[in-house]
Amino acid sequence: MAKYVIKRLVLLIPVMLGVAFIIFSIMNFIPGDPASLILGESAPAEAREQLNEELGMNDPFIVRFADYIWDALHGDFGESWRTREPVFEEIFARIPTTIYLAAGAMLLAVLLGVPLGILSAVKQYSFLDVLNSVVAMFLSAIPAFWLGLLSILLFALKLRLLPSDGADTASAFILPIVTLALPGAAELLRLTRSTMLEIIRQDYIRTARAKGASERIVIWRHALRNATLPIITVAGMYFGSLLGGSVITESVFSMPGVGSLTITAIRSKDIPQVMACVLLMAALFCLIMLLVDLLYAFLDPRIRARYTK
Amino acid sequence: MSEQLLEVRDLRVVYESDEETVHAVNGISFSIGKQETLGLVGETGAGKTTTALSILRLLPDRIGKITSGSITYRGEDLLAKTPAQMRKIRGESIAMIFQDPMTSLNPVLTVGDQILEALELHNDEGKSKEELDRRVEEMLELVSIPAVRKKDYPHQFSGGMKQRVVIAMALACNPGLLIADEPTTALDVTIQAQVLAMIGELKEKLETSMLLITHDLGVVAQTCDKVAIMYAGEIIEYGSVEDIFGDRPHHPYTVGLFGSIPDLTVDTDRLKPIAGLMPDPTDLPEGCKFHPRCPHCQEQCKTTRPPVIEKDGHLIQCHLFAKEEEAGV
Amino acid sequence: MSTPLIETVHLKKYFKTNSGMLHAVDDVNLSVQAGETLGIVGESGCGKSTLGRLILRLLDATSGEVRYNGENILTYNKAQMRQMRKELQIIFQDPYSSLNPRMTVSEIIAEPMRVNGMYQDKTALQKRVSELMDTVGLASRLENAYPHELDGGRRQRIGIARALSVNPKFIVCDEPVSALDVSIQAQILNLLMDLQEEIGLTYLFITHNLSVVKHISNEIAVMYLGQCVERAPSKELFQNPMHPYTKALLAAVPVPDLRYRGQKREAIRGEVTSPIDPKPGCRFADRCPHATEACRSQVDLVERTPGHFVACTLYQ
Amino acid sequence: GCGGQQDSTDDAAPSETGETRDDLVIALATEPTQLDPHYLSDTNSSLVVLNTHDPLFRRLPSGEIEPALAEDYELSEDGTSITLYIRQGVKFQDGTELTAEDVAFSLNRATATAQSEAYTESFKEAVVVDDYTVRLDLLYPDVAVLPLLTQGNNCIVPKHVVEEVGETEYAGNICGTGPYKLVEWQKGAKLVLEANEDYWQGAPAIKRLEYRILAETTTAIVALETGSVDLVMNIGALDAQLVQENPDLAYAETTSTTTYYVGFNCAKAPLDNKLVRKALAMAVDKDAVILGAVDGAGVVAANVMPDGTTGAPAEADQPTIPYDPEAAVKLLEEAGYGPGELTVHLAVREGATKKAGTILQDQWKAIGVNTVVDTLERSAMLNDMYNGNLEAYIVGDVALTMDASMQTSTLDSSTIPYTNSTFYSNPEYDALNDEQAVQMNDPERRVEIITQMMEIEVEDAPRVHLYHPVSNIAYNKNLNVEVSPTVEGYFTYGMSWN
Amino acid sequence: MTKEKVSSRRKKSQMAEIWRRMRKNTAAMIGLAILAVILLVAIFAGVICDYDTQVIAQNMAQRLQPPSAEHWFGTDAYGRDTFARVVYGARISLAIGVAATVGSVLISGFLGAVCGYYGGKVDAVIMRIMDMFLAIPTELLALAIVASLGPSMANLLIAVTVARIPPFTRIVRSSILSVIDQEYIEAARACGASDFIIIVRHVLPNALGPIIIQATMGVGRMILTAAGLSFIGMGVTPPTPEWGSMLSEGREFMRYSPYITLFPGIAIILTSLSLNLLGDGLRDALDPKLKD
Ligand SMILES: Nc1ncnc2c1ncn2[C@@H]1O[C@H](COP(=O)(O)OP(=O)(O)OP(=O)(O)O)[C@@H](O)[C@H]1O
Ligand SMILES: Nc1ncnc2c1ncn2[C@@H]1O[C@H](COP(=O)(O)OP(=O)(O)OP(=O)(O)O)[C@@H](O)[C@H]1O
Ligand SMILES: [Mg+2]
Ligand SMILES: [Mg+2]
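In order, the protein sequence lines correspond to chains G, F, R, D and Z.
Under the numbering used here, think of the first position of the first sequence as 3, with each following residue one higher.
Under the numbering used here, think of the first position of the second sequence as 10, with each following residue one higher.
Under the numbering used here, think of the first position of the third sequence as -7, with each following residue one higher.
Under the numbering used here, think of the first position of the fourth sequence as 2, with each following residue one higher.
Under the numbering used here, think of the first position of the fifth sequence as 225, with each following residue one higher.
See the structure below:
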């Protein structure tokens, strides 16, 4: 197992290099020289030239990329061109918010989506099932900012129940988390439903029933464990993508998360900042996927066997 | 005949979907006495599994329906039981071994846990965890699997071992009746022999009755006391093994079935298969269901359902013998 | 003896797996004369299908030769091989997964001929398809049916018609009747034997059903864990099995005859050993009641009586 | 803990007990980037810096300039140097006293820094004369030197701190003379400032100042309505209406010093044709643009010089291109374009300029010109603008110094392409521009020259001036605050609770 | 040899079979009906309203009107008729959704087929590259693409298409993998078929099921992604009426004139809903296991 984990971690290196290359090239395709962005519209020409030179913008692309990677390998990811602070300073300041949001949203999505999905599958074609499915499709089709703004107007302004912004109090996280979680819950509901439907047709479920097991035992002990695999994959992907930041929700609720930082950085062509953000997110994403795989092994002995060999 | 453990009378089962109705079982009757083994034989799709599932009331929800008949176990009507009462019976009084050992075990639970579960579900005496654990080990050893392997998962077992685990699970609560649905079809001959031998031994030891479903006549000849031959949802011939394998008059389908098997002991140039194929269960022929394939088909067979003729407990459902009988009388 | 139609020489196939080399086929030497049937029997997973696939080059052999009319076809290039494909065909075990569910019956049967460009003319092709359907006993009204609408017996006939479509000389029948019911099984076996008689086909017939193999084969090879442990003419093998595994196999067959009822049959004890990196020597030794130290070293297949080969220390 | 204070801000009005509040929460739409004065490059950073640091002079919301760290000044005869008399007894927030050393150091540091170049272009060097006197030498006489010294980029920093922590580290260790000190910066969320009790003008009334980052306008207004924010700047016209209807809130507005205009690339076909430019300009109904772009919250602009710009005539007297679509069609015909034959690419950015562009598209369609509106990212827009790739673009120009020179230079050929991105080049205009710059002692002559330049501009139409947007604030009605056209006006020291 | 005598089997083409099963599914039929209406509206947009005078023509005097007899859905900030814009928007939004889906399905179909069929190194390399793209958040990728290529309908399309390729490729690959194990693929090889014929005639048609479902759901998702991009200012160019950009244009008026966002919002939801219903129905109809 340890060997497997190490192998996966080693595999992270080429993937991160690839991600770095993709982002670095895209950022270099984006027109505009950083100097004009840093200095503003009214800065004189010489100042721009000088700054571009300082930032190494006049070197060929490959040289710059190699320099970047070289420095990064030495732990130096550079300073933000915009704020002149080490790139990770700002990221780390924002990461807690992002993690609270992502974890909260995923938890809520799972807590809502999975039980409702199971209920839907167990009572297939019932009124409840139809209602669940329609509501789920509805939720997954609502644009995020619409949901966000509407919930602010309703809960923060009309009802004055919850704050509309800020990341100071726990209550401030409620609305953004709900907004983020609903589409995820909808997706998980549909996935859980279809997976469970498939699994309750399996022979071993019939075996359990033939032993005299009650529906509760059949569903929770026999079916759910087997249905968990696809569910955690999707939940993991969802969590991963949430960690990448959710620009829209962050902006609507004024949550200082990593997503809005990345967007700001892309907009101001702040290459070191963008690189650091995306690399960190990609690394997190890969780690989450690794975790998901390990969780697989924990839940499914067949997969465990494959790793331990 | 001794007191009957299980009695099935005029059972009819259909599978109904929006599109079509499959008449899977069409009025069959049979009974199993204490410590008896009944072999249920028939081609694919004859309705064997359906019959078994009906006894345990495990037909698929909504689609599978018992339309008439009665199933009595130890004098009690199973069809009148509530779901909770039924759950008590399943596993404890009547246990079942399913067709495919590879998929009948839950891949994420240890085999020990799966056997233990059956015990826990029917632990009326309130035995302690240790006692139940010991019983699990006992059961595993009974089917020749070292007790230490109870912590293993199904994928770590070979097909034959998995089937043995399923058997251990089914026998864990000392059921009065064991339904074995083609317990060896998915296995190799050598493993098949092992498993069959084991079931036989255990049956003796635990004094269990058995309903053995198969389409392998060889297996029937070696293990059963009574045989019912099914065709298109009906029992067309029923009797003791001697009746079926002996030199008596048989239903033309039974004859065809025997003719289809290459005999290891006799050399034949050609096999004599039954012509044609099973009828479509959604659109069964009128009269005798076998008539389109029957070499002795007469006008009458096409229109009227043949009567059941009994001769010393050997039942045949065929016009051919009805006539003989008439002629004889 | 004349040159066999098909001959394998030291044929080996190892699969790389996570836990080591899996010896699926390990040094198998067989030959089949034109117009005859060689039966291959053995436990599940002993390498029967792999052997069949190797002969057709559906898998690449690890080493060894496959000779067709004396020529090693493993050295053929793509174009030569395509020519060969018309001579060598296969009928698969599973009539459910071996037919493309999105094609109609006539499309499936016509596919090999289309691929090989055998008929330019559409109507001629259609005529040939009808002929083939007739040969295998499929009603012509089924030509536009899809496989899922048919039962196993009819599906298997489609498979046979497909194999016959390119006029092959040699057909590997990989458990063609295992998935079928006894009565349908008999229909198919009769069909195969009729075809052999009519057009002189040669079969390699793979199965683990001993009654079937006895019925159809001229010669039988018994495989155990990738190796051929015994080979003899069909009758001889049944009358005089030598290898302990063959004996166990024969004894295990349940016979539909009350005379054998109650007879204690000697079942093989123990589980199949792993085919991954097997130890040298007889692979059956762990389960064999007669195993001795001698079994731990290399055991060769030797001819004990004319035409009867066995690999066992009891007969060396 | 900020939690307790959070609660106290939940009430919009002063608490029932009659105690007045001493904290203030201001909403900002974008986050300041960094707080080192000399590296400032965006408005909101300046806003904060001007509360933590002091400039030498302060501009009041009214536009007047009053002395701050400089008590007085003296301009040399030839206008190439200015002597600054530094206020005595002023202390930095670390307790050390402000000296001429610090002032000279700060001005020279600003001059040397690229980010501040626009505000120090005319500076040569600052020289310490004595402990409280500094002489700032200029490269050329610059009429705008006082306004420049009010800017955030020319704020005074302590020399010893910069030298101690290092040039680039000052941003993380700011220590000004201003009325507030930074105590907490939650990136992306808020900045918390605390009153400097030793401020040289006396301790400020507001003791705790929080800038909260609220990107979405709707969220900011909701926060104002629910009382979690006390002041929001530059809200939309519809929101303004809503605020005015709310009895708990107050609203004030003034015209800003920003001018939105369409710049034509005079070096690129088809807009290198004066007739075409003029036609397009004549087809613009500025009132409709104001309605669509800022929901009516704007004033028609005649030129880039809003009222109050030194050296410029009153805006009502400025020459301008009339709205005359019929004449525009004729001009187009003259230029050889029939209806539908001309297509213009108009670059805009997300927001007001995009809306303005959408309206222009419709208005130009009326004279038979097709318009493709390209919404660009800031980086792409600047890049293409400087490289002369754009045909037309809409931008906002801030009259930073409120002096005409800075505004006229935007059409001077010497500033192509950065300041003058229209690539407009007219020697006559350039000559006049040079001439007005030295009319330090003859303001009337200067106005004359500038009016002349405006006439040239109307004739050649290198750009169409659209509007000056309204600068507004919405706030808790108990807050004393004045609306200002510039960021320098939002000096929190002047704010207090009733 | 025994000849066929039984003749009870009905003959049906696969399409007809699927359609027959779909028809039984009420939800799918509701979805189909909604979609049909939306499609009709998109096709006949030009008949329902005039582009020049209703969709893009501005009328500042009439801005921000609530729904009325004259303007069914009210007017937007430029005084344009929201109804006309929603109707025309159907064209644009559906075009974006469909084109992007088709594009990504084609590309990932090809990549997935290559990966699944050949396996080995090709597979490893392509899938690792896909992983890289998967690790980059969708919005950022799209934003970066639009920012580097400039905003236009085509680039918006490229952005949403590219963002969808990695997950799609995975799906295609796994459904291909489930097919290539089947013996009929081996049978095709045994009769001498080339790789190309095998992929095109045998593998792809059988792997189509999951791909079709992803595609139907993809359209709705693409429209939503495009709407999300509009939010961060990456939408279509004005005055094109696209639902997502209408939605984000209207968001600052949400409190004052909610109709501007309400109707395009409903249009997006309905489209997505109908495609989801249809996709679910199609999945059920295609799955032989669900025959009961
Ligand atoms: N869930 C179901 N829905 C519809 N028809 C079904 C269902 N299960 C079984 N059938 C049909 O009912 C008939 C009897 O099936 P059953 O499984 O009882 O046969 P069997 O004798 O056990 O066959 P086998 O030997 O293949 O196991 C068959 O025609 C079968 O197709
Ligand atoms: N592609 C493969 N990769 C790895 N191992 C394989 C592969 N194909 C077959 N094997 C292994 O090779 C051995 C022989 O397999 P093969 O399918 O030839 O057996 P068989 O005799 O045909 O069995 P059955 O009777 O079950 O069809 C088995 O252990 C199998 O697991
Ligand atoms: Mg069955
Ligand atoms: Mg095989």
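We put the CB at the ideal spot given by N, CA and C, even for glycine.
Counted within 10 angstroms of its Cβ, other Cβ atoms place residue 306 of chain D as buried (16 or more) or exposed
So residue 306 of chain D counts as buried.
Between residue 132 of chain D and the rest of its own chain, which residues show a CB-CB distance below 6 Å, the 5 nearest in sequence each way excluded?
Excluding positions up to five away in sequence, the list reads 100, 101.
Tell me, please, whether the CB atom of residue 28 of chain G is closer than 8 Å to any CB atom in chain Z?
yes
Which residue's Cα is closest to the Cα of residue 2 of chain G: G/288, G/301, G/302, G/39?
Here chain G covers residues 3 to 311 and nothing more, so residue 2 of chain G does not appear.
Under 5 Å from any heavy atom of ligand 6, by CB: list those residues in chain order, please.
Absence of ligand 6 from the depicted structure is noted, with ligand 1, ligand 2, ligand 3 and ligand 4 being the only ligands included.
Sorted by chain position, which residues of the same chain lie with C-beta nearer than 6 Å to residue 234 of chain F's C-beta, five sequence neighbours on each side aside?
45, 46
In chain order, what residues of the same chain have a beta carbon less than 6 Å from the beta carbon of residue 122 of chain G, not counting five sequence neighbours either side?
131, 134, 195
Close Cβ partners of residue 399 of chain D (< 7 Å) along its chain, the five nearest in sequence each way excluded:
258, 259
Under the rule that 16 or more other beta-carbon atoms within 10 Å means buried, what is residue 299 of chain Z, buried or exposed?
buried
Coil, strand or helix - residue 6 of chain D by DSSP
In this prediction, residue 6 of chain D has a pLDDT of 38, which is less than 50 and means its spatial position is unreliable; nothing more can be read from the coordinates.
Please report the residue range of the beta strand (DSSP E) in which residue 18 of chain F lies.
13 to 25
Cβ neighbour criterion (16 or more within 10 Å) applied to residue 83 of chain R
buried
Just how far apart, CA to CA, sit residue 392 of chain Z and residue 113 of chain G?
A direct Cα-to-Cα measurement between residue 392 of chain Z and residue 113 of chain G gives close to 27 Å.
Can the beta-carbon of residue 148 of chain R be found less than 8 Å from the beta-carbon of residue 172 of chain R?
yes
DSSP puts residue 187 of chain D in a beta bridge; with which residues?
Per DSSP, D/191.
With three or more beta-carbon pairs closer than 8 Å as the criterion, would you say the segment 431 to 445 of chain Z touches the segment 179 to 193 of chain R?
Touching, no, given that fewer than three Cβ pairs across the two stretches are closer than 8 Å.
Going by DSSP in three states, residue 103 of chain R sits in which element: helix, strand or coil?
Helix, per DSSP.
Just list the beta strand (DSSP E) runs in the segment 21 to 94 of chain R, keeping only unbroken ones of 3 residues or longer that don't cross its boundaries, in chain order.
29 to 34, 55 to 60, 80 to 83
Any residues in the segment 24 to 40 of chain R with a beta carbon nearer than 8 Å to a beta carbon of chain F? Which ones, in chain order?
35, 36
Candidates D/214, D/188, D/174: which alpha carbon is nearest residue 37 of chain D's?
D/174
Taking CB distances under 8 Å as the criterion, tell me whether residue 358 of chain D reaches chain B.
The question asks about chain B, but that chain is absent: this structure's protein chains are G, F, R, D and Z.
Contact check, residue 321 of chain Z vs residue 446 of chain Z, beta carbons under 8 Å
yes
Distance cutoff 8 Å, beta carbons only. Does residue 17 of chain D sit that close to anything in chain Z?
No answer about residue 17 of chain D holds up, because its pLDDT of 46 lies below 50 and its placement is not dependable.
Continuous alpha helix (DSSP H) assignments of at least 4 residues falling wholly in the segment 323 to 391 of chain Z:
344 to 359, 362 to 373
For residue 354 of chain Z and residue 244 of chain Z, I'd like the C-alpha separation in whole angstroms.
38 Å
Taking just the CA atoms, how far does residue 419 of chain D sit from residue 436 of chain D?
One C-alpha to the other measures close to 22 Å.
Taking 8 Å as the CB-CB cut-off, is residue 279 of chain F touching chain G?
no
Neighbourhood of residue 510 of chain Z by C-beta, 6 Å cutoff - its chain only, sequence neighbours within 5 removed
Excluding sequence neighbours, residue 510 of chain Z sits near 433.
How many angstroms separate the CA atom of residue 51 of chain F from the CA atom of residue 32 of chain F?
About 16 Å.
For residue 265 of chain F, does the three-state DSSP call read helix, strand or coil?
helix
Residue 40 of chain R CB to nearest heavy atom of ligand 2 below 7 Å
yes
Tell me whether residue 248 of chain D is buried or exposed, calling it buried when 16 or more other Cβ atoms sit within 10 Å of its Cβ.
exposed
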